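Novice: Just so we're aligned: 167 in my numbering is position 180 of the sequence shown, and the numbers increase by one with no gaps anywhere.
Using N, Cα and C, we set each Cβ at its ideal position, and we do this for glycine too.
Keep in mind that this is a model prediction, so the values were computed, not measured.
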Amino acid sequence: MKDKKITIAIDGPSGSGKSTTAKIVARKLGYRYIDSGAMYRAVTWYFLSSALNWKSAEQLDQGLSKIDIDIRLGQNDEPMTYLNGVLVERQIRSMPVSDNVSEVSSLPEVRKAMVDQQRKMGQEKGVVMDGRDIGTNVFPDAELKIYLVADTEVRTKRRLKELHERGVEASLDEIRRNIEMRDREDSSRVLNPLRKAGDAIDLDSSNLSIQEQVNFVVEKAQETIHRK
Ligand code: DC
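Structure below.
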């Protein structure tokens, strides 16, 4: 009999290692990986790079009706974000996007548009999605939910390394400030804030290697898949 497919939700604050873990877990299970943060980042980049202002209700509506986001696998099977057919992976990781994405992602219209699309992407199951509200709101029935956290200092250093690898210039202080600001804004917003789902499993990655985080999640996934 073929293994049943499940939905895996990985939530947690910025820099806790969600994307790296989720991406490798998906590869190991043969599942699709969806970085929901990349979708909010693409919306933010759209407004920053167009003449439309998200602070105007009319322009927000106008912009959202023109946005088409797609995540495709690029070289080495790396997920790449496309906005209206254009590759924007590098742009969406830039500091101006990081500085504005919490505000843009708190807007009800933006959340509705993204959550509708995320649910469509996950309707076939066999998906690993990471974000802030996946286990609580997007897929409250996900068979496996992980809540991934790590110390702020560890997260800051990881983000710096990741940005430098992508060729994005940023200082440690700038990144720390951004992480602290987003922690505050993402967990205090009214609509679907960052919160641990009641049935999520805690995982603190402060002292874990990527391999250890991945093994933990894959083991839990295998248990869930083979449980009757
Ligand atoms: O995962 P990330 O740091 O790339 O996410 C960028 C921002 O997007 C994050 O600060 C808040 C928002 N976000 C959200 O509101 N809901 C999600 N499911 C994922 C991200």
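#1: Could you tell me whether the Cβ atoms of V115 and A9 are closer together than 8 Å?
#2: So A29 packs on T(-6), CB below 8 Å; how close in whole Å?
#3: Shorter than 7 Å, the distance from the beta carbon of V136 to the closest heavy atom of the ligand DC, or not?
#4: What residues in its chain sit with their C-beta under 8 Å from that of V97, if we drop five residues either side in the sequence?
#5: Please list the terminal residues of the continuous beta strand (DSSP E) segment that includes G118.
#6: Under 7 Å: does the beta carbon of G4 sit that close to some heavy atom of the ligand DC?
#7: I'd like to know whether the C-beta atoms of R182 and S174 end up nearer to each other than 8 Å.
#8: Under the three-state reduction of DSSP, which class applies to A(-4): helix, strand or coil?
#9: Run the proximity test for I(-7): is its beta-carbon closer than 7 Å to any non-hydrogen atom belonging to the ligand DC?
#10: Checking contacts by CB at 8 Å: is K10 closer than that to chain D?
#11: Under 8 Å: do the region -5 to 9 and the region 152 to 170 share three or more Cβ pairs, one atom per stretch?
#12: Going by Cα to Cα distance, which pick from A137, V177, L70 is closest to N194?
#13: Does the distance from the C-beta atom of L16 to that of A208 stay below 8 Å?
#14: Spell out the partners DSSP gives Y20 in its beta bridges.
#15: Is R169 near the ligand DC, with its Cβ less than 7 Å from a heavy atom?
Specialist: Judging by the given coordinates:
#1: A contact, by the Cβ cut-off of 8 Å.
#2: About 22 Å separates the CB atoms of A29 and T(-6); that is not less than 8 Å, and the two are not in contact.
#3: Because no heavy atom of the ligand DC lies under 7 Å away, the Cβ of V136 does not count as near it: no.
#4: Around V97: Y27, V30, W41, L47, L51, V91.
#5: Its beta strand (DSSP E) spans residues 114 to 118.
#6: Distances taken from the Cβ of G4 to the heavy atoms of the ligand DC include none shorter than 7 Å.
#7: When the beta-carbon positions are compared, R182 and S174 come within less than 8 Å of each other.
#8: If DSSP states are grouped into helix, strand and coil, A(-4) belongs with the strands.
#9: Result no, Cβ not under 7 Å from the ligand DC.
#10: The structure shown contains no chain D; it holds only a single protein chain.
#11: Yes: the two stretches touch, three or more of their Cβ pairs being nearer than 8 Å.
#12: Measuring from the Cα of N194, the nearest candidate turns out to be A137.
#13: Yes. Within cutoff.
#14: Partner(s): V115.
#15: Answer for R169: yes, Cβ within range of the ligand DC.
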